[in-house]
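Participant:
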Amino acid sequence: MRGLLTLLLLGPGLVGPAAAQPGAPPPTVAEAQADGFQLRPPDQGAGSLLAGGLALGPGLVLHGLGHYYAGDHATAKVLFAAELVSVGLLTGALLANNLGDGRGELGGLSRGLTHAGVVLFAGSWGADVLGAFKGSTALELDSSRVRGNRFGLAYRYTDDPVTDFRHHLVFRLDLNAGWFFLRPLVDLEGSARLRQLQAEIGARPLRGDDPHERLELGVRLRRVENQSHGFSTVGLMGYSGYKVDLGRLVEGLRHLYAFGRVGYGWDGYQFAATPDSVPALFSDTALGDTYLLLETGLGFNLGQRTHLTLSALSDPTKDVPPFAGGTGGLVELGLVHRQSDSLDIEFLGTMGDGFALLLGLGYGL
202 MRGLLTLLLL GPGLVGPAAA QPGAPPPTVA EAQADGFQLR PPDQGAGSLL
252 AGGLALGPGL VLHGLGHYYA GDHATAKVLF AAELVSVGLL TGALLANNLG
302 DGRGELGGLS RGLTHAGVVL FAGSWGADVL GAFKGSTALE LDSSRVRGNR
352 FGLAYRYTDD PVTDFRHHLV FRLDLNAGWF FLRPLVDLEG SARLRQLQAE
402 IGARPLRGDD PHERLELGVR LRRVENQSHG FSTVGLMGYS GYKVDLGRLV
452 EGLRHLYAFG RVGYGWDGYQ FAATPDSVPA LFSDTALGDT YLLLETGLGF
502 NLGQRTHLTL SALSDPTKDV PPFAGGTGGL VELGLVHRQS DSLDIEFLGT
552 MGDGFALLLG LGYGL
């Protein structure tokens, strides 16, 4: 028995190791290309951790430093030029604010220049960081819908320090007919004492080969009824909007989209005879005010079906007060996940001195 155990223990060592099975040889470049693998084009540089680190750190002062280190000198010059323009815009905003004391036409000019300067500065720095890390390869294709009609249903929560309205139900339609669009919206506060009716109508006179690229011209009509305080607001705003692929300017930013709107609007205020009612639709307006709308943002796909947007916004008609006690703007973060060909899951967060969160569904019609 002892001899049998010894043989079992030592047997594998006496026989020797099992013969190694040879693995399959790796495919050649030609075989990989035949299977669909594509080599990086010679004019597209590769990103690197060091280039991204330079863009993230000292590149905050010298935009384009990451691309310059990576060997893309042409893009580096474009980003540095954009930084210089942004500094010029911010300098002009400071001068206009000092001359006009932040009011009147010069006050509006100062806000517009500040918005454009901050967005251009942040955008050129962010483009340097993104391109230096990932190289010249394109981002995922934009999965957001641009054709067809949609119906949306959403819940919105607002935290406004000025009012106690919190819970909202939002219904909207997005109707498209060739060059023209119509976007009605209804926003009902939970107790139905705050009601907003809105409609945007307009056209897209310019559209690119990429259907996401466009120029829009539109008009927004709105009425807000505040039954708790006995007044309503009626508004009219004309605006122009755009969306363009930044890959037209910087090769490494293909499918990174810049979008924005510029609008000029008027709001009139109507007052009811009693505080617990709302005035009639065509009541006389007792007060009126004008405002400037500015929005600039970036959008790109996180994956094949998820599109993210980040924008800076100045819109006094929003029910979220802006940063800096009314002199700043708002920041909006949007996320749309295309669950199926006919269903989207939507999120929108708005940040200022308060905040708003929207979570909803979009259905293709």
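Residue numbers for the sequence shown follow this note's numbering, beginning at 202 and rising by one. Backbone N, C-alpha and C define an ideal beta-carbon position, used for all residues, glycine too. Since we're looking at a predicted model, the values are computed, not measured.
Contact defined as beta carbons within less than 8 Å: I believe glycine 403 pairs with phenylalanine 382. What is the distance between those atoms, to the nearest angstrom?
Facilitator: Indeed they touch by this definition, with Cβ atoms about 6 Å apart.
Participant: Asparagine 299: buried (16+ other C-beta within 10 angstroms of its C-beta) or exposed?
Facilitator: When all chains shown are included, asparagine 299 counts as exposed.
Participant: What is the residue span of the beta strand (DSSP E) that histidine 369 lies within?
Facilitator: Taken as a continuous stretch (DSSP letters only), the beta strand (DSSP E) holding histidine 369 covers 368-378.
Participant: With respect to the alpha helix (DSSP H) encompassing glutamate 452, which residues constitute its N-terminal and C-terminal limits?
Facilitator: Taken as a continuous stretch (DSSP letters only), glutamate 452 belongs to no alpha helix (DSSP H), as it is neither H nor E.
Participant: Leucine 495 and valine 521 look like a contact to me (Cβ under 8 Å); what is the Cβ gap, rounded to whole Å?
Facilitator: Leucine 495 to valine 521, Cβ: 16 Å. No contact.
Participant: Measuring straight from C-alpha to C-alpha, what distance separates leucine 354 and leucine 558?
Facilitator: For leucine 354 and leucine 558, the distance between alpha carbons rounds to 14 Å.
Participant: For the region 392-399 and the region 328-346, state whether three or more C-beta atom pairs, one from each stretch, are separated by less than 8 Å.
Facilitator: Too few Cβ pairs lie closer than 8 Å, so no.
Participant: Which residue's Cα is closest to the Cα of serine 345: Gly555, Arg373, Ser541 and Leu560?
Facilitator: For the residues Gly555, Arg373, Ser541 and Leu560, the minimum Cα distance to serine 345 belongs to Ser541.
Participant: For glycine 217, which of helix, strand or coil comes out of DSSP?
Facilitator: Low confidence applies to glycine 217: its pLDDT is 48, below 50, so where it sits in the model is not reliable enough to give any reading.
Participant: Name the DSSP bridge partner or partners of lysine 444?
Facilitator: Bridge partners of lysine 444: Arg415 and Phe460.
Participant: In this structure, how does DSSP classify valine 347 when only helix, strand and coil are distinguished?
Facilitator: Residue state, collapsed to three classes: coil.
Participant: Closest to arginine 423 by CA distance: which of Leu416, Thr510, Gly436 and Leu514 is it?
Facilitator: Closest by alpha carbon: Gly436.
Participant: Starting from phenylalanine 281 and walking both ways along the alpha helix (DSSP H), at which residues does that stretch end?
Facilitator: Run containing phenylalanine 281: 274-301, per the alpha helix (DSSP H) assignment.
Participant: Give the straight-line distance between the Cα atoms of glycine 324 and alanine 283, rounded to the nearest whole angstrom.
Facilitator: Computed Cα separation, rounded: 9 Å.
Participant: Considering only the alpha carbon of each residue, which of Gly265, Met552 and Ser543 lies closest to leucine 566?
Facilitator: It is Ser543.
Participant: Of the residues Ala459, Ser311, Leu549 and Leu531, which one's Cα is nearest the Cα of glycine 327?
Facilitator: It is Ala459 whose Cα lies nearest to the Cα of glycine 327.
Participant: Here's a check: name, in chain order, each residue in its chain whose Cβ is nearer than 8 Å to the Cβ of threonine 276, leaving out the five neighbours to either side.
Facilitator: Result list for threonine 276: Gly265, His268, Gly332, Val451, Glu452 and Gly453, in chain order.
Participant: Residues in its own chain within less than 6 Å of threonine 315 by CB, not counting five upstream and five downstream?
Facilitator: Here the set comprises Ala294.
Participant: DSSP three-state call for serine 515: helix, strand or coil?
Facilitator: If DSSP states are grouped into helix, strand and coil, serine 515 belongs with the strands.
Participant: Which value, in whole angstroms, describes the spacing of the CA atoms of alanine 317 and threonine 497?
Facilitator: Computed Cα separation, rounded: 8 Å.
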